[in-house]
Amino acid sequence: MSAPEPGDEALLARYRSGDGPAFEILYARHRLGLYRFLLGLSGKPELAEEVYQDTWLSLIRSTSQPQGRANFRTWLFQIARNRLIDHWRKHGIHNPLHDSYDEQAHAVIDEATDPEQLLSLSRDSQRLETALKDLPADQREVFLLRVHGDLDLAQIATLTGAPLETIKSRLRYAQQKLRRMLAEEVLT
Amino acid sequence: MTDARPTPEDEVVKHFREHATSEPPAHLDSLILGVAHREAPAPKPNFWQRWVQVCQKPRWQVAFASLVGVALMLALVQRTPEQAPGYDVVPAPKASAPVVKKEASRALAAPAAPMADVAAPAQSESINAERAEEAKVAKRAAAPAITLDEQLHEVVRLQNAGQAQAADTLMKALHKRFPDENVEARLNEMPRN
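Top to bottom, those sequences are chains V and U.
Oh and the first sequence: position 59 is 60 in my numbering, straight run, nothing missing.
Oh and the second sequence: position 32 is 25 in my numbering, straight run, nothing missing.
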């Protein structure tokens, strides 16, 4: 019977006390999710790489730990998100996450509710990427945190500072739009 | 009981997870892992390693050396030989004159070199023991070693042996030694064979 794998917080604590290999495990666990989140949110590989590198280096050089009820994953994605917002602010780029999107006004009746139709969702990565870019930034962010951060709704609400109900509706609208866009692509 | 079937929304999340292909570039991985390895905090030393490190710092070395010095001085002060109790007040009887002279000469010599005793505490201890023993002998000598009755027994024995002159000499000595005693009367009370 093998021992349970150590948690992220335990690995971080081990690294902070001089256990170098503990960081390698931690990095391997989160490298893909964090990178895909940043790439999807920024839409630019160069910017995603820059923020990705900054995030990990700040974690390496920091002595801080996840605070309060935040776990390591939430903490990591919070750092990355803050770095990306800082980059936009520093370069005078408008922060799209501040746009308040009125889901009610843009709501489209979803007629594609047949689960079997989901099998025909496009698997073309370029089309997936395009569909993501077509989402409003705040919905895209919630969807990416759910998909690549594997965060639950409460954690996303904590991370973004938005009410839980708002997060729920953003995620629901994002999923409906994506399903419709990808299904349409296949059908046409 | 909740419906465990995945909703269409969950399928979208799963679909995106399964078909995501982007990865961080290899050079970023090696850079980040290299920095992490290079800048990993030094392992925290255990208690003894920290103790050794502290001892290696000059200011702590001085502090510890001072502490040890003070402790040594206190230990030496505690072990300084005590004066022989009641040594000088022991009356010196004539019979023990040689012992007293010897004692006096040592008593004069010993305090003249107190630091020598400090330098050799073991030797000092043996001297102390010897002095204590001699003081006991001196005390015994100072006390009337042979009682008047015993002396009178000797006088009777001499008289019985026909050594009248020796008996008279001893009687004279007893008169001098015990001037307050009625030696003649005591002699008469002595049992005779």
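All residues carry an ideal CB built from backbone N, CA and C; glycine is no exception.
Note that the structure is a prediction, hence the values are computed from the model and not measured.
>> Using only CA atoms, which one of V:L33, V:M182, V:P7, V:A81 lies nearest to V:Q127?
In response: With distances taken between Cα atoms, V:Q127 lies closest to V:M182.
> U:V5 and V:I61: beta carbons closer than 8 angstroms?
Replying inline: No, these two residues do not count as a Cβ contact at 8 angstroms.
>> I'd like the span of the alpha helix (DSSP H) that includes V:A11, first residue to last.
In response: That run of the alpha helix (DSSP H) goes 9 to 17.
>> Mapping the DSSP letters down to three states, classify V:H92 as helix, strand or coil.
In response: In the structure shown, V:H92 adopts coil according to DSSP, grouped into three states.
>> For a quick check, are the C-beta atoms of V:G162 and U:A33 less than 8 angstroms apart?
In response: No, these two residues do not count as a Cβ contact at 8 angstroms.
> Quick one: which chain V residues come within Cβ less than 8 angstroms of U:V63?
Replying inline: By Cβ distance, chain V contributes nothing, its closest Cβ being about 38 angstroms from U:V63, past 8 angstroms.
> Sorted by chain position, which residues of the same chain lie with C-beta nearer than 7 angstroms to U:F171's C-beta, five sequence neighbours on each side aside?
Replying inline: The beta carbon of U:F171 sits closer than 7 angstroms to those of L141, all from its chain and outside the five residues before and after it, given in chain order.
>> Within 8 angstroms, do at least three Cβ pairs link the region 48 to 57 of chain V to the region 9 to 24 of chain U?
In response: Output reads yes: the region 48 to 57 of chain V touches the region 9 to 24 of chain U.
>> Rounded to whole angstroms, what is the Cα-Cα separation between U:R31 and U:Q71?
In response: The alpha-carbon of U:R31 is positioned some 56 angstroms away from that of U:Q71.
> Buried or exposed: where does U:G62 fall if 16 or more other Cβ atoms within 10 Å of its Cβ makes it buried?
Replying inline: Result: exposed.
> Comparing the C-beta of U:V47 with each C-beta of chain V, is any distance below 8 angstroms?
Replying inline: For U:V47, no CB of chain V lies under 8 angstroms from its own CB, so it is not counted at the interface with that chain.
> Whose C-beta lies closer than 6 angstroms to the C-beta of U:L167 among residues of the same chain, with five residues either side of it excluded?
Replying inline: Q144, V176.
>> Can you tell me whether V:G150 is helix, strand or coil according to DSSP?
In response: In the structure shown, the three-state DSSP call for V:G150 is coil.
>> What would DSSP say about U:N39, mapped onto helix, strand or coil?
In response: Residue state, collapsed to three classes: coil.
> How do the region 133 to 146 of chain V and the region 168 to 179 of chain V stand: do at least 3 beta-carbon pairs fall below 8 angstroms, yes or no?
Replying inline: Inter-segment contact for the region 133 to 146 of chain V and the region 168 to 179 of chain V is present: three or more beta-carbon pairs are separated by less than 8 angstroms.
>> Taking its Cβ as the centre, do 16 or more other Cβ atoms sit within 10 Å of V:S43, making it buried, or is it exposed?
In response: Looking at its Cβ environment, which holds 16 or more other Cβ atoms inside 10 Å, V:S43 is buried.
>> Using CA atoms only, rank isn't needed, just tell me which of U:N39, U:H146, U:H8, U:R150 is closest to U:R179.
In response: Nearest option by C-alpha distance: U:H146.
>> Classify V:T75: buried if its beta carbon has 16 or more other beta carbons within 10 angstroms, exposed otherwise.
In response: Buried, by the Cβ-count rule.
>> Would you call the region 33 to 44 of chain U in contact with the region 10 to 30 of chain V, where contact means no fewer than 3 C-beta pairs closer than 8 angstroms?
In response: Verdict: yes, contact present.
>> Assuming V:A81 and V:L35 are in contact, meaning their beta carbons sit under 8 angstroms apart, how far apart are those beta carbons, in whole angstroms?
In response: By a beta-carbon distance limit of 8 angstroms, V:A81 contacts V:L35. Their separation comes to about 6 angstroms.
> Mind checking if V:W57 is an interface residue toward chain U, Cβ cutoff 8 angstroms exclusive?
Replying inline: Yes, because at least one Cβ of chain U sits closer than 8 angstroms to the Cβ of V:W57.
>> DSSP three-state label for U:E182, please.
In response: Residue state, collapsed to three classes: helix.
> How many angstroms separate the CA atom of V:F38 from the CA atom of V:G150?
Replying inline: Roughly 7 angstroms between the two C-alpha positions.
> Could you give the distance in angstroms between the alpha-carbon of V:P97 and the alpha-carbon of U:S15?
Replying inline: Straight-line spacing of the CA atoms in V:P97 and U:S15 works out to 23 angstroms.
> Are V:P164 and V:A158 touching if we call contact CB-CB under 8 angstroms?
Replying inline: Cβ atoms of V:P164 and V:A158: closer than 8 angstroms.
> What are the residues of the region 28 to 45 of chain U that lie near chain V, defined by any Cβ-Cβ distance shorter than 8 angstroms?
Replying inline: Here the close residues are V28, A29, H30, E32, A33, P34, A35, P36, K37.
> Mind checking if V:S170 is an interface residue toward chain U, Cβ cutoff 8 angstroms exclusive?
Replying inline: Answer no: the Cβ-Cβ gap between V:S170 and chain U never drops below 8 angstroms.
> Closer than 8 angstroms, CB to CB, is V:R62 near chain U or not?
Replying inline: Judged by the 8 angstroms Cβ criterion, V:R62 is in contact with chain U.
> Between U:Q42 and U:K50, what straight-line distance do the alpha-carbon atoms span, to the nearest angstrom?
Replying inline: If you take the alpha carbons of U:Q42 and U:K50, they lie about 13 angstroms apart.
> DSSP three-state call for V:A71: helix, strand or coil?
Replying inline: Coil at V:A71, not helix or strand.
>> Classify V:Q79: buried if its beta carbon has 16 or more other beta carbons within 10 angstroms, exposed otherwise.
In response: With 16 or more neighbouring CB atoms inside 10 Å of its own CB, V:Q79 falls in the buried class.
> Helix or strand or just coil, what does DSSP make of V:L136?
Replying inline: Under the three-state reduction of DSSP, V:L136 is assigned to coil, being neither helix nor strand.
> Are the C-beta of U:R10 and some C-beta of chain V separated by less than 8 angstroms?
Replying inline: Yes, because at least one Cβ of chain V sits closer than 8 angstroms to the Cβ of U:R10.
> Would DSSP call U:A154 helix, strand or coil?
Replying inline: For U:A154, the three-state secondary structure derived from DSSP is coil.
> Name the chain U residues that come within less than 8 angstroms of V:V148, Cβ to Cβ?
Replying inline: In chain order: V6, F9, R10, A13.
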